[in-house]
């Protein structure tokens, strides 16, 4: 018998009054007064209610749905595990999945304009706990989706509206087409692909990888690396403190690209027939370019270097700035 069970029995006996001396130690339960019986029943009831409240959702499957607007808002919160959101042609939100063993409650609230989905855990949990809930959510394609997690991975696809995603350590994967995507992470990797009109992505130590055809892009990291795979951008703002920037793409004819790094290296791959004005500045880093003249010192008394040149008619604008990070520009 566990310590808690012993304590409970002691409380039950106390509630019923002193044990009958004739039955003490005989294995026969002591007699109790009506008041004692009511107290006993109340204590047992409280114990059962508390146990049910804590365990009601533990490891349970969920299967919910509601009719909603075609462009409504969907908010999803989940601590760990995974969140997968898929857009479809129905004006309906559905959620299926399995909740963590330590889940305390599950919320599914929906009206025409807003749907809320949340896995709730006790406020104070100590030691090892199961917080991994796996949710698959279908939403109307034009929805505005917001997902917030701690360690849960986030996967979004076929949502043509907008998404706003944040996670501490979970990986975030977004597949367009969609109007806009905002994604923020601390240590989780961010990966965005497909056609996305506007992208605002940031991380502390997680890498950010873009495989998109173009659009307006802003990406920032502290120590995470930034990588683009192709793409022709109307505007692009890429910045990192110590992470590297690997850019393979180009600006549109009237587009602009800006790269800022403190100590991280910058590697740019540009089309040889590009029409753009290019300016490179670094305080103590090296500059190596397949285009234009050799870099020149900015001062006889400081290690700074700069490089400026024109490709074609100079329609687009490209600016690269680092403090100690090296810069390399190659053609393709």
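Numbering (the UniProt record's numbering), first residue to last: 1 to 332. Every residue, glycine too, gets a C-beta built ideally from N, C-alpha and C. Nothing here was measured: the structure is a model prediction, and the numbers come from that model.
DSSP places residue 124 in the coil class of the three-state scheme, outside both helix and strand.
Distance from the CA of residue 271 to the CA of residue 114, rounded to the nearest whole angstrom, comes to 45 Å.
With a 10 Å radius around the Cβ and a threshold of 16 neighbouring Cβ atoms, residue 308 comes out exposed. If you draw a straight line from the Cα of residue 225 to the Cα of residue 172, it comes to about 15 Å. Check the Cα spacing between residue 142 and each of 130, 160, 321: the tightest is with 160.
Residue 243 and residue 153 have their alpha carbons spaced roughly 23 Å apart. Here the region 221-241 does not lie against the region 295-309, with fewer than 3 beta-carbon pairs under 8 Å apart. DSSP assignment within the UniProt domain "DUF4097" (217-329) yields the following whole beta strand (DSSP E) runs of 3 residues or more, N-terminal first: 226-240, 245-261, 266-270, 276-282, 287-289, 305-311, 316-322. Using a 10 angstroms sphere on the CB of residue 107, the tally of other CB atoms stays under 16, which defines it as exposed. Taking a C-beta distance under 9 Å as the contact criterion, residue 312 and residue 254 do not qualify as a contact pair. Distance from the Cα of residue 174 is smallest, within the candidate group 266, 206, 84, for 84. Around the C-beta of residue 97, 16 or more other C-beta atoms lie within 10 Å, and the residue is accordingly described as buried.
According to the DSSP assignment, residue 146 belongs to the beta strand (DSSP E) that extends over 144-149.
Looking from the CA of residue 323, the closest CA among 166, 62, 124, 280 belongs to 280. Using a 10 angstroms sphere on the CB of residue 305, the tally of other CB atoms reaches 16 or more, which defines it as buried.
The DSSP-derived three-state label of residue 87 is strand.
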